[in-house]
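J.: If you scroll down you'll find the structure; I have some questions about it.
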Amino acid sequence: MTPSTIELVVTEDDRRIARYAAAAIALTVAEAALPSPLPGVKPGLANIIVLVVLMRYGWRDAAWVSVLRVLAGGLLLGQLFAPGFFLALAGAAGSLAVLAVAVHLPRCWFGAVAISVLAAFAHIGGQLLLARLWLVPHDGVFYLVPVFATAALVFGTVNGLVAARLLAAAALSPGPAPPESA
């Protein structure tokens with residue numbers, strides 16, 4: 307019996323998702339080094355990448371980037387399958403659920419900033435829900451909602467503005483030069 311080989315065909319979509327996921331993972335690792343004024347309050351810089359991917363390529367690609375970021379970030383930071391990993395996964399799942407709906411909202415009213423704020427609130431909501439159900443089985447965890455909601459509003463707005471700026475810059479850039487004819 308001979309061993310069989312499985313050959314995976316790598317597409318340009320796969321390469322693009324890998325590049326964006328690598329950028330999101332790098333931002334996740336860099337953000338972990340930043341001091342936090344309160345435990346669990348982080349700017350969510352990697353969400354800028356997820357938002358750009360959502361607006362340019364759609365929900366499927368954004369979901370891949372988000373999931374890869376959470377898995378690789380947990381692995382690189384030594385938190386894979388620790389409570390922080392599951393909180394990040396719950397936040398990403400909540401955010402992706404809202405993004406699945408938000409992508410169908412009218413772009414004239416729901417641009418990058420509005421979608422980013424919605425996703426930030428969903429992220430915090432998913433994390434608080436998991437924390438309440440698993441880590442802190444007491445309703446006292448909900449006393450933190452105003453603090454986390456304020457952080458979601460501020461960081462969601464800032465991340466949305468950065469993503470909108472990146473999207474506008476990408477729309478204005480001329481792109482690669484056409485090949486010269488011989």
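Counting in my numbering, the sequence shown runs from 307 upward without gaps. Quick reminder that beta carbons are idealized off the backbone N, C-alpha and C, glycines included.
1) Can you give the Cα-Cα distance for Ala396 and Leu411, rounded to whole angstroms?
2) Taking the alpha-carbon of Thr334 as reference, which of Val356, Arg322 and Asp319 has the nearest alpha-carbon?
3) Beta-carbon separation of Gly462 and Ala425 under 9 angstroms?
4) Whose CA, out of Glu318, Ile430 and Leu467, lies closest to the CA of Asp367?
5) Are there three or more Cβ pairs, one per stretch, closer than 8 angstroms when the stretch 327-345 is compared with the stretch 377-394?
6) Buried or exposed, going by whether 16 or more other CB atoms sit within 10 Å of the CB of Ala477?
7) Quick test of the definition: if touching needs 3 or more C-beta pairs under 8 angstroms, does the stretch 383-395 touch the stretch 427-439?
8) I'd like to know if the stretch 449-458 and the stretch 339-347 are in contact, where contact means that at least 3 CB-CB pairs between them fall below 8 angstroms.
9) Tell me the rounded alpha-carbon separation between Arg362 and Leu472.
10) Enumerate in chain order the residues of its own chain whose CB-to-CB distance from Ser479 is below 8 angstroms, with the five nearest sequence positions on each side excluded.
11) So what's Trp415 in DSSP terms, helix, strand or just coil?
12) From Leu314 to Arg321, what does the alpha carbon distance come to, in whole angstroms?
13) Tell me whether Pro349 is buried or exposed, calling it buried when 16 or more other Cβ atoms sit within 10 Å of its Cβ.
14) If you draw a straight line from the alpha carbon of Ala475 to that of Phe387, how long is it in whole angstroms?
T.: Reading it off the structure:
1) Stepping through the sequence shown from its first residue, residue 396 is reached at position 90. Stepping through the sequence shown from its first residue, residue 411 is reached at position 105. Roughly 23 angstroms between the two C-alpha positions.
2) The sequence position of residue 334 within the sequence shown is 28, counting from 1. Closest by alpha carbon: Val356.
3) Along the sequence shown, read from residue 1 onward, the residue named residue 462 stands at position 156. Along the sequence shown, read from residue 1 onward, the residue named residue 425 stands at position 119. Contact annotation: Gly462 and Ala425 have beta-carbon atoms nearer than 9 angstroms.
4) Position 61 of the sequence shown, counting from 1, holds the residue named residue 367. Looking from the CA of Asp367, the closest CA among Glu318, Ile430 and Leu467 belongs to Glu318.
5) yes
6) The residue labelled residue 477 in the question sits at position 171 within the sequence shown. It is exposed - the Cβ of Ala477 has fewer than 16 other Cβ atoms within 10 Å.
7) yes
8) Because the criterion of three Cβ pairs below 8 angstroms is met, the stretch 449-458 and the stretch 339-347 touch.
9) Numbered from 1 along the sequence shown, position 56 holds the residue referred to as residue 362. Numbered from 1 along the sequence shown, position 166 holds the residue referred to as residue 472. Cα-Cα distance, rounded: 11 angstroms.
10) Counted from its first residue, the sequence shown places residue 479 at position 173. Cβ contact annotation for Ser479 (same chain, cutoff 8 angstroms, sequence separation greater than five): none.
11) Start at 1 with the first residue of the sequence shown, and residue 415 comes out as number 109. Trp415: coil per DSSP, three-state reduction.
12) If you number the sequence shown from 1, residue 314 lands on position 8. If you number the sequence shown from 1, residue 321 lands on position 15. Distance between the alpha carbons of Leu314 and Arg321 is about 13 angstroms.
13) Indexing the sequence shown from 1 puts residue 349 at position 43. When all chains shown are included, Pro349 counts as buried.
14) Residue 475 sits at position 169 when you count from the first residue of the sequence shown. Residue 387 sits at position 81 when you count from the first residue of the sequence shown. Taking the straight line from one Cα to the other gives about 38 angstroms.
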